[in-house]
Amino acid sequence: MHLAKLTSPADLRALSSAQLDELCAEIRHFIVQAVSRTGGHLGSNLGAVELTVALHRVFESPRDVIVWDTGHQAYVHKLITGRRDGFEKLRQRHGLSGYPSTSESPHDVVENSHASTSLSWASGLATGFQLTGHEHRRVVAVIGDGSMTGGMAFEALNNLGHYAQRALIVLNDNGRSYAPTVSRLSTVMSRLRQSPHYVQGRRAVDHLLERVPLGDGVRRSLDSAAAAMREMWEPPAFFETLGVRYVGPVDGHDITAMESAFRDAAAYADGPIVVHVVTQKGRGYAPAEHDTEKHLHDIGLFDPVTGASPAAAPAAPTVPDEPVRQAEPTVPGEPVRQAEPTVPNEPVRQAEPVVRDYTAVFTETLIAAARRNRDLVAITAAMPGSTGLLPFQREFPDRFYDVGIAEQHALTSAAGMARAGLRPVVAVYSTFLARAFDQALYDIGLHRLPVILCIDRAGITGPDGASHHGLYDIAMLTRIPGMTVFAPSGPDELPIAFAQALEITDGPVAIRWPRGKGPVAGTVQQQDAATSGMRAQARQHRSGPDACLLAAGQTLNAAIEATELLSAEGVDVSLWDPRVLKPLDRAMLLDAAAHPLVATVEDGVRVGGFGSLVNDALQQLDAPTVPRITQLGAPDAYLPHGTAAELHAELGLDAEGIAAAVTKTLARITA
Numbered sequence: 115m116h117l118a119k120l121t122s123p124a125d126l127r128a129l130s131s132a133q134l135d136e137l138c139a140e141i142r143h144f145i146v147q148a149v150s151r152t153g154g155h156l157g158s159n160l161g162a163v164e165l166t167v168a169l170h171r172v173f174e175s176p177r178d179v180i181v182w183d184t185g186h187q188a189y190v191h192k193l194i195t196g197r198r199d200g201f202e203k204l205r206q207r208h209g210l211s212g213y214p215s216t217s218e219s220p221h222d223v224v225e226n227s228h229a230s231t232s233l234s235w236a237s238g239l240a241t242g243f244q245l246t247g248h249e250h251r252r253v254v255a256v257i258g259d260g261s262m263t264g265g266m267a268f269e270a271l272n273n274l275g276h277y278a279q280r281a282l283i284v285l286n287d288n289g290r291s292y293a294p295t296v297s298r299l300s301t302v303m304s305r306l307r308q309s310p311h312y313v314q315g316r317r318a319v320d321h322l323l324e325r326v327p328l329g330d331g332v333r334r335s336l337d338s339a340a341a342a343m344r345e346m347w348e349p350p351a352f353f354e355t356l357g358v359r360y361v362g363p364v365d366g367h368d369i370t371a372m373e374s375a376f377r378d379a380a381a382y383a384d385g386p387i388v389v390h391v392v393t394q395k396g397r398g399y400a401p402a403e404h405d406t407e408k409h410l411h412d413i414g415l416f417d418p419v420t421g422a423s424p425a426a427a428p429a430a431p432t433v434p435d436e437p438v439r440q441a442e443p444t445v446p447g448e449p450v451r452q453a454e455p456t457v458p459n460e461p462v463r464q465a466e467p468v469v470r471d472y473t474a475v476f477t478e479t480l481i482a483a484a485r486r487n488r489d490l491v492a493i494t495a496a497m498p499g500s501t502g503l504l505p506f507q508r509e510f511p512d513r514f515y516d517v518g519i520a521e522q523h524a525l526t527s528a529a530g531m532a533r534a535g536l537r538p539v540v541a542v543y544s545t546f547l548a549r550a551f552d553q554a555l556y557d558i559g560l561h562r563l564p565v566i567l568c569i570d571r572a573g574i575t576g577p578d579g580a581s582h583h584g585l586y587d588i589a590m591l592t593r594i595p596g597m598t599v600f601a602p603s604g605p606d607e608l609p610i611a612f613a614q615a616l617e618i619t620d621g622p623v624a625i626r627w628p629r630g631k632g633p634v635a636g637t638v639q640q641q642d643a644a645t646s647g648m649r650a651q652a653r654q655h656r657s658g659p660d661a662c663l664l665a666a667g668q669t670l671n672a673a674i675e676a677t678e679l680l681s682a683e684g685v686d687v688s689l690w691d692p693r694v695l696k697p698l699d700r701a702m703l704l705d706a707a708a709h710p711l712v713a714t715v716e717d718g719v720r721v722g723g724f725g726s727l728v729n730d731a732l733q734q735l736d737a738p739t740v741p742r743i744t745q746l747g748a749p750d751a752y753l754p755h756g757t758a759a760e761l762h763a764e765l766g767l768d769a770e771g772i773a774a775a776v777t778k779t780l781a782r783i784t785a
C-alpha cells in the first residue's frame with residue numbers, strides 16, 4: 115500500500131513508474147470509498163489523479179504555489195499533502211473542507227472555490243514574487259472543469275501576457291464543467307483531443323526547423339509557414355496571440371509525459387506558458403465514466419460498487435461548487451481601537467472657502483506613501499487618469515498595473531500580490547466596484563488580505579445618472595467580515611485615513627470619498643483636530659440631549675448646518691463624525707444610546723448601509739433603553755441624473771431635510 119506510506123509530496127519522488135501506477139489506482143479506490151460515505155465532488159478528482167501526482171513530483175509545494183481552479187478538483191492534492199485521515203469527515207462540520215483551505219495546510223495557499231479566478235491569483239502571486247525577490251518560487255495555476263470559459267480567466271490571460279508574468283497554466287481539459295463545456299475555445303480543444311495528427315505534425319515541423327541550417331530571412335519565412343501549418347491543425351493560437359506560450363496537448367494520464375512537459379515549462383522564463391493536458395473525467399470508475407450528463411461531478415451518499423444512491427439513505431446535502439461557510443462571530447459595534455477623549459461641546463467647524471480636490475489629495479498621499487514603502491503597488495482598471503494614478507505611473511512604472519476594463523481581475527490579482535507580501539492599492543470608482551463584489555468578498559475578504567480599496571466617486575455623483583451613482587459600496591463592503599471602511603468627511607482627512615489603512619495588516623480596508631472637491635479645515639485648531647488621526651475613529655463635534663446625529667463622510671457638512679437650524683428652533687442635538695463606518699466606535703454608540711432619537715445620515719442606500727449597522731449595534735448594546743432610530747439615505751430606487759446638490763435636496767440629505775426629519779420624528783416621540 116503506497117498511499118498509506120504517503121506523508122508528503124516528497125515521498126512521491128522515490129517511487130518507480132510501476133509504483134506510481136499502483137499508487138494512482140489506490141488513490142482512485144480511496145476517493146470512491148471516501149466520497150461514497152460523505153458525498154462530494156467525484157468525477158473531476160478521479161480525472162486529475164495522474165496530473166496531481168506529476169505536478170507534485172516536479173514542483174516543490176509549498177515553496178512553489180499550486181492554485182486549483184476550481185478547488186473541488188483538489189482531493190488528490192489533499193491526500194498527497196498528508197490529509198488522508200481527514201477524509202472520514204470530508205465536508206462535515208469540524209472536518210476536512212471540500213476545497214483548498216489555508217487553515218488546513220501550508221500547501222493550500224488559496225481557498226479557491228469559485229470558478230475562473232486562478233489565473234488572476236497567479237498573476238498577482240507572480241508579480242509579488244518578482245517584486246519581493248522571490249523569483250525562485252514558481253506559480254502554477256491548474257484550471258479545468260470549464261473554468262477557462264469564464265470571462266475572468268480571459269481578463270487574467272490578457273494581463274499575464276501583457277506584463278510577461280512568469281506563471282505556468284495547466285489547462286486540465288476534460289471537456290466538461292457540470293455538463294459539457296460550451297464555448298468556441300472548448301470546441302477547438304475538442305478537435306485537438308480527437309486529432310492525434312496535430313501533435314505529430316507540429317513536432318515534425320519544429321524538428322525540421324531545428325535541424326536544417328538556415329539564414330535569418332529563410333528561417334523567418336519558414337517560421338511563418340510553420341505558423342500557418344499550425345493554424346491548419348487548429349492549435350489554440352488564441353493563447354499565443356495574447357502573449358501566452360502554448361504547449362500540448364499532453365496525455366493527462368501519462369505521468370512521464372506530463373513531468374517532461376512541466377519541467378520544460380518551468381524552465382521557460384519569458385512569460386506565462388500554458389500546458390494543455392487532456393484528461394478523462396471520472397476515469398477508472400465505471401459509473402462515473404458512463405454518466406454521460408456530468409460523470410458524477412458531484413454526488414451525495416452512494417453505493418461504491420454500483421454508484422447508485424441508496425434508496426433508504428438520505429443524501430448528504432450538497433451545493434455544487436459552493437462551500438457552506440459559517441460567518442465568523444462578531445460583536446456588532448465592538449470597537450477595535452480605543453476612542454480618543456472628546457470634548458462634549460467642541461465648537462462646530464465653520465465652513466471655509468478653502469477647498470481641495472479629493473482625487474488630487476489621494477494622488478499626493480499615494481505617491482508620498484510609495485516613496486516610503488517599496489512594497490506598495492497601485493492597480494487600476496483602465497482608468498489611470500480618472501483615478502489619479504498617472505503621476506504614480508510616471509514615478510513608479512514598475513509598481514503600476516493597468517489591467518484594462520477588468521475589475522474582477524484587478525481585485526483578485528491584488529489578493530495574489532498581498533499574499534506574496536506586497537501592499538496593493540486598488541483605485542476604482544464606486545459604481546465599478548460593484549462588478550467585483552465576489553472577488554472582494556471571497557478572494558480578499560475570506561483570506562483577510564491587506565488590500566486597500568480606494569473608492570472615488572462614492573455617493574451621488576451627478577449628471578451621469580443611475581448607473582454611475584456610487585450608492586452601494588457601503589452596503590456591499592460592510593457585509594464583508596474583517597473589512598474596515600473609512601469615510602473621510604473632508605480632503606484633509608483622506609491622508610490620515612490612508613496612513614491608518616497602511617497600519618492595518620490583518621484584513622482589507624476601504625476608503626471612500628465623493629466626486630470633486632470638499633472643504634479643508636481652515637484654522638490651526640481645526641487642522642490639529644483633523645490630523646489627530648483616525649485611530650480614535652469617531653469624533654464628537656457637539657453634545658445635546660434631544661437627539662444624536664451620526665453623519666457619515668461628506669454628509670457631515672450638511673449635518674453641521676442642520677444642527678444650527680435645529681438650535682434656532684430650540685432643539686439641542688449631539689453630532690458625531692463616525693470617520694470609520696466599520697467597525698463602529700463604542701463610545702459613539704454609548705453616547706447615541708443615551709438619546710431618545712438617533713438619526714444616521716449617509717450618501718448611500720438607506721437599507722443595508724451605515725444606518726443599518728448602527729441600528730443593529732444599538733439593539734445589541736447592554737443599555738436600559740433603545741432609542742428611536744431614523745435612517746436618512748438614498749431610497750430603494752434608481753436615482754436619475756442631476757447635480758449632487760439637487761438630488762441631496764430632493765432626498766432630504768441637505769441641511770433643511772436633515773433638520774426637518776429630526777423635528778418630525780421628535781414630534782412623534784413626544785406626542
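Remember, my numbering sits 114 above the position in the sequence shown when you count from 1.
The C-beta atom is built at its ideal place from N, Cα and C for all residues, glycine as well.
Given this structure, state the Cα-to-Cα distance separating residue 730 from residue 234, to the nearest angstrom. As a position in the sequence shown, residue 730 is number 616, starting the count at 1. As a position in the sequence shown, residue 234 is number 120, starting the count at 1. Distance between the alpha carbons of residue 730 and residue 234: 36 Å.
Identify the continuous alpha helix (DSSP H) that holds residue 388 and give its terminal residues. Indexing the sequence shown from 1 puts residue 388 at position 274. Per DSSP, residue 388 belongs to no alpha helix (DSSP H); it is in the beta strand (DSSP E), 387–392.
What number of angstroms, rounded off, separates the C-alpha of residue 193 from the C-alpha of residue 485? One-based indexing of the sequence shown puts residue 193 at position 79. One-based indexing of the sequence shown puts residue 485 at position 371. Cα-Cα distance, rounded: 45 Å.
Own chain partners of residue 399 with C-beta closer than 7 Å, once the 5 adjacent residues on each side are dropped: Translated into positions along the sequence shown, residue 399 becomes position 285. Once the five neighbours on either side are set aside, the close Cβ partners of residue 399 are 142, 146 and 160.
Around the Cβ of residue 262, are there at least 16 other Cβ atoms within 10 angstroms (buried) or fewer (exposed)? Start at 1 with the first residue of the sequence shown, and residue 262 comes out as number 148. Buried: at least 16 other Cβ atoms inside 10 Å.
Taking residue 498 as the reference, give the member of 527, 539 and 131 with the closest Cα. Here the question's residue 498 lines up with position 384 in the sequence shown. Among 527, 539 and 131, the Cα nearest to that of residue 498 is on 539.
Assuming residue 164 is part of the alpha helix (DSSP H), what are its boundary residues? Looking up residue 164 in the sequence shown gives position 50. Its alpha helix (DSSP H) spans residues 163–172.
Mind checking whether residue 662 and residue 601 have CB atoms under 8 Å apart? One-based indexing of the sequence shown puts residue 662 at position 548. One-based indexing of the sequence shown puts residue 601 at position 487. The answer is no: Cβ separation not under 8 Å.
With which residues is residue 633 paired in a DSSP beta bridge? Mapped onto the sequence shown, residue 633 falls at position 519. Answer is 469, bridged to residue 633.
Between the segment 714–721 and the segment 661–678, can you find at least three pairs of beta-carbon atoms closer than 8 Å? yes
So, does the segment 550–558 touch the segment 598–616, judging by three or more C-beta pairs under 8 Å? no
Identify every residue that forms a DSSP beta bridge with residue 538. Sequence index remark: in the sequence shown, residue 538 carries index 424 (1-based). DSSP lists 491 as partners of residue 538.
Select from 198, 184 and 181 the residue whose C-alpha is nearest the C-alpha of residue 140. As a working mapping, residue 140 is identified with position 26 in the sequence shown. Considering only alpha carbons, the answer is 198.
Can you tell me whether residue 783 is buried or exposed? The criterion is at least 16 other CB atoms within 10 Å of its CB, across all chains shown. Locating residue 783 in the sequence shown gives position 669, counting from the first residue. Exposed, because fewer than 16 other Cβ atoms sit within 10 Å of the Cβ of residue 783.
Output needed for residue 752: all residues of its chain with C-beta closer than 6 Å, excluding positions within five of it in sequence on either side, in chain order. Numbered from its first residue, the sequence shown carries residue 752 at position 638. Excluding positions up to five away in sequence, the list reads 580.
Is residue 395 helix, strand or coil when you go by DSSP? Walking along the sequence shown from the start, residue 395 turns up at place 281. Coil at residue 395, not helix or strand.
Give me whichever residues DSSP pairs with residue 255 in a beta bridge. For this step, residue 255 is matched to residue 141 along the sequence shown. The partner list for residue 255 (beta bridge, DSSP) reads 181 and 283.
How would you call residue 133, buried or exposed, if buried means at least 16 neighbouring beta carbons within 10 angstroms? Taking the first residue of the sequence shown as 1, we reach residue 133 at position 19. Burial call: exposed.
Are the CB atoms of residue 622 and residue 704 nearer to each other than 8 Å? Here residue 622 is taken as the residue at index 508 of the sequence shown, counted from 1. Here residue 704 is taken as the residue at index 590 of the sequence shown, counted from 1. Contact: no.
Span of the alpha helix (DSSP H) holding residue 56? No answer is possible for residue 56: the residues shown for the chain start at 115 and end at 785.
What first and last residue would you give for the beta strand (DSSP E) that runs through residue 696? Translated into the one-based positions of the sequence shown, residue 696 becomes position 582. 694–696 is the extent of the beta strand (DSSP E) around residue 696.
In or out: residue 542 buried (at least 16 other Cβ within 10 Å) or exposed? Within the sequence shown, numbered from 1, the residue matching residue 542 stands at position 428. So residue 542 ends up on the buried side.
As assigned by DSSP and simplified to three states, the class of residue 311: Here residue 311 is taken as the residue at index 197 of the sequence shown, counted from 1. Its pLDDT being 48, under 50, residue 311 is placed unreliably by the model, and the measurement read from it follows with that caveat. If DSSP states are grouped into helix, strand and coil, residue 311 belongs with the helices.
Any contact of the segment 759–773 with the segment 729–744, i.e. 3+ C-beta pairs under 8 Å? no
Could you check where the beta strand (DSSP E) with residue 718 kicks off and where it finishes? Start at 1 with the first residue of the sequence shown, and residue 718 comes out as number 604. It spans 711–719 - the beta strand (DSSP E) in which residue 718 sits, taken as one unbroken run.
Could you check where the alpha helix (DSSP H) with residue 704 kicks off and where it finishes? The count along the sequence shown starts at 1 and reaches residue 704 at position 590. Residue 704 -> alpha helix (DSSP H) spans 700–707.
Looking only at C-alpha atoms, which of 699, 694 and 688 sits nearest to residue 711? Start at 1 with the first residue of the sequence shown, and residue 711 comes out as number 597. Out of 699, 694 and 688, 688 has the C-alpha closest to the C-alpha of residue 711.
Let's test the definition: count the other Cβ atoms within 10 Å of the Cβ of residue 130 and tell me whether it reaches 16, buried, or not, exposed. Translated into the one-based positions of the sequence shown, residue 130 becomes position 16. That one is exposed.
Return helix, strand or coil for residue 730, following the three-state DSSP convention. Here residue 730 corresponds to residue number 616 of the sequence shown, with the count starting at 1. Helix at residue 730.
Spatial neighbours of residue 559 within its chain, please: CB distance less than 7 Å, with the 5 preceding and 5 following residues excluded, ordered by chain position. What you label residue 559 is simply residue 445 of the sequence shown in a count that begins at 1. Around residue 559: 594, 595, 596, 597 and 622.
Among residues of its own chain, excluding the 5 on either side of residue 692, which ones have a beta-carbon nearer than 8 Å to its beta-carbon? On the sequence shown, residue 692 is found 578 positions in, with the first residue counted as 1. Same-chain partners within the cutoff: 601, 651, 652, 664, 665, 666, 698, 699, 702 and 724.
Less than 8 Å between the beta carbons of residue 537 and residue 561, yes or no? Translated into the one-based positions of the sequence shown, residue 537 becomes position 423. Translated into the one-based positions of the sequence shown, residue 561 becomes position 447. No. Outside cutoff.
Other residues of its chain near residue 212: CB distance less than 7 Å, five sequence neighbours each side excluded: Within the sequence shown, the letter at position 98 stands for residue 212. Excluding residues within five positions, the ones whose Cβ falls inside 7 Å are 154, 155, 186, 204, 205 and 437.
Measuring straight from C-alpha to C-alpha, what distance separates residue 355 and residue 694? Taking the first residue of the sequence shown as 1, we reach residue 355 at position 241. Taking the first residue of the sequence shown as 1, we reach residue 694 at position 580. Looking at the two C-alpha atoms, the distance is approximately 46 Å.
With a Cβ-Cβ cutoff of 8 Å, do residue 483 and residue 616 count as a contact? For this step, residue 483 is matched to residue 369 along the sequence shown. For this step, residue 616 is matched to residue 502 along the sequence shown. Yes, these two residues count as a Cβ contact at 8 Å.
If you draw a straight line from the alpha carbon of residue 658 to that of residue 685, how long is it in whole angstroms? The residue given as residue 658 occupies position 544 in the sequence shown. The residue given as residue 685 occupies position 571 in the sequence shown. Between residue 658 and residue 685, the C-alpha separation is close to 8 Å.
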